[in-house]
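> Residue numbers (my numbering): 14 to 303.
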């Protein structure tokens with residue numbers, strides 16, 4: 014059987030689509046102060062103790078994203094006219110409404126990253142339904158518009174996609190299987206859901222986890238990813254690229270320059286559709302009806 018290369022025709026014959034995803038988790042991460050059993054395990058230094066105690070140091074690492082990282086990132090998005098999708102753990106915006114104001118001012122898309130940045134895979138169906146519903150209500154209250162896309166904290170349940178459909182979500186990001194949107198026709202018989210795949214390989218989280226990427230390595234990788242997708246578009250097989258960012262990570266002074274260099278690289282190319290994930294999903298659903 015012949016191999017068929019993925020492709021998706023974009024508006025104005027664009028050679029590729031670029032989806033910049035700004036993850037907002039700060040202010041909703043795990044801590045016993047919010048009733049969790051222990052501390053947040055994701056830490057730049059990898060410090061984690063299985064004990065019912067607060068990790069004040071790591072909590073301040075997350076707060077850095079709000080105080081210092083967010084203004085740097087928002088400035089670059091505006092300077093280079095980058096439309097982004099902000100995947101939001103809803104409680105983060107309740108605790109830091111200035112981030113919601115920035116998203117609204119920029120005219121960008123809020124996407125749900127859960128009501129909190131916690132593991133929903135541990136929830137039963139009723140708990141997960143409530144978790145999804147609370148996220149929708151919260152984001153609509155802080156941003157003035159409900160989210161239409163969803164990204165879990167990596168792990169999801171057999172119920173997640175069905176519950177998202179019941180709550181009015183039109184696309185789902187918890188998929189890493191390709192470079193173009195597609196229909197999931199199997200999870201909910203008779204009611205397909207649009208899947209807009211996400212990519213983790215050039216996510217700036219690689220600068221926090223071990224083995225970590227330096228900003229130089231991250232930039233080289235992101236540019237190589239962009240160049241390959243752009244080249245395939247020139248050859249007649251347009252696709253999309255995702256770039257995942259975090260306030261507390263790329264927003265650091267020693268890393269933010271790499272994001273600006275990437276944006277400069279993008280803007281040096283013609284025919285790149287830099288847009289939101291909702292716009293990508295809407296375009297796919299219009300051109301490839303279920």
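Think of the CB as a built atom: it goes at the ideal place given N, C-alpha and C, for glycine as much as any other residue.
With 16 other CB atoms within 10 Å as the buried threshold, where does residue 198 fall?
Numbered from its first residue, the chain shown carries residue 198 at position 185. Answer is exposed; the Cβ neighbour count stays below 16.
> According to DSSP, residue 254 sits in a beta bridge with which residue or residues?
Numbered from its first residue, the chain shown carries residue 254 at position 241. DSSP lists 31 as partners of residue 254.
> Nearest to residue 260 by CA position, among 34, 24, 20, is which residue?
Stepping through the chain shown from its first residue, residue 260 is reached at position 247. That would be 34, whose Cα lies nearest to the Cα of residue 260.
> Give every residue of the same chain whose Cβ lies closer than 7 Å to the Cβ of residue 30, excluding the five residues on either side of it in the sequence, and list them in chain order.
Translated into the one-based positions of the chain shown, residue 30 becomes position 17. Contacts found: 23, 253, 286, 288, 293.
> What span of residues does the alpha helix (DSSP H) with residue 309 cover, start to end?
Within the shown structure, residues of the chain are numbered from 14 to 303, placing residue 309 beyond reach of any answer.
> What residue from 201, 265, 206 has the CA that sits closest to residue 82's CA?
Residue numbering aside, residue 82 sits at position 69 when the chain shown is read from its first letter. When each option's Cα is compared against that of residue 82, the closest is 265.
> Between the Cα of residue 167 and those of 291, 239, 181, 210, spot the shortest distance and give me the residue it belongs to.
Residue mapping note: residue 167 aligns to position 154 of the chain shown, counting from 1. Nearest option by C-alpha distance: 210.
> Please identify the residue among 129, 135, 140 whose C-alpha is closest to the C-alpha of residue 151.
Taking the chain shown and counting its residues from 1, the one referred to as residue 151 is at position 138. When only C-alpha atoms are compared, the closest one is 129.
> Which word fits residue 32, buried or exposed, when buried means at least 16 other C-beta atoms lie within 10 angstroms of its C-beta?
Position 19 of the chain shown holds residue 32. The residue in question, residue 32, is buried, as its Cβ has 16 or more Cβ neighbours within 10 Å.
> Spell out the partners DSSP gives residue 234 in its beta bridges.
Here the question's residue 234 lines up with position 221 in the chain shown. None, per the DSSP bridge assignment.
> Just curious, the beta strand (DSSP E) that residue 206 is in, first and last residue?
Stepping through the chain shown from its first residue, residue 206 is reached at position 193. Start and end: 206-208.
> Are there three or more Cβ pairs, one per stretch, closer than 8 Å when the segment 185-196 is compared with the segment 143-159?
At 8 Å Cβ cutoff, the stretches do not touch.
> Would you call the segment 227-246 in contact with the segment 270-285, where contact means no fewer than 3 C-beta pairs closer than 8 Å?
In short, these stretches touch, since the Cβ pair count reaches three.
> What is the rounded straight-line gap between the Cα of residue 204 and the Cα of residue 295?
Locating residue 204 in the chain shown gives position 191, where the first residue counts as 1. Locating residue 295 in the chain shown gives position 282, where the first residue counts as 1. Roughly 16 Å between the two C-alpha positions.
> How is residue 93 classed by DSSP in three states: helix, strand or coil?
Taking the chain shown and counting its residues from 1, the one referred to as residue 93 is at position 80. The answer is coil: DSSP assigns residue 93 none of H, G, I, E or B.
> Unbroken alpha helix (DSSP H) runs of length 4 or more, entirely within the segment 92-151: which are they?
As far as the segment 92-151 is concerned, its whole alpha helix (DSSP H) runs of at least 4 residues are 103-108, 110-119.
> Please classify residue 25: does DSSP put it in a helix, a strand, or coil?
One-based indexing of the chain shown puts residue 25 at position 12. Helix, per DSSP.
> If you reduce the DSSP assignment to three classes, tell me which class residue 240 lands in.
Along the chain shown, read from residue 1 onward, the residue named residue 240 stands at position 227. Looking at residue 240 - three-state DSSP - the assignment turns out to be helix.
> Could you name the residues that DSSP lists as bridge partners for residue 196?
For this step, residue 196 is matched to residue 183 along the chain shown. 207, per the DSSP bridge assignment.
> What residues in its chain sit with their C-beta under 6 Å from that of residue 90, if we drop five residues either side in the sequence?
Within the chain shown, residue 90 is the residue found at index 77, counting from 1. Result list for residue 90: 97, in chain order.
> Mark residue 39 as exposed unless 16 or more other C-beta atoms lie within 10 angstroms of its C-beta, in which case mark it buried.
By 1-based counting over the chain shown, the position of residue 39 is 26. Residue 39 should be labelled buried.
> Just checking my contact of residue 133 with residue 169 at CB under 8 Å: how many whole Å lie between their CB atoms?
In the chain shown, counting from the first residue as 1, residue 133 sits at position 120. In the chain shown, counting from the first residue as 1, residue 169 sits at position 156. Contact flag correct, Cβ pair sits at about 7 Å.
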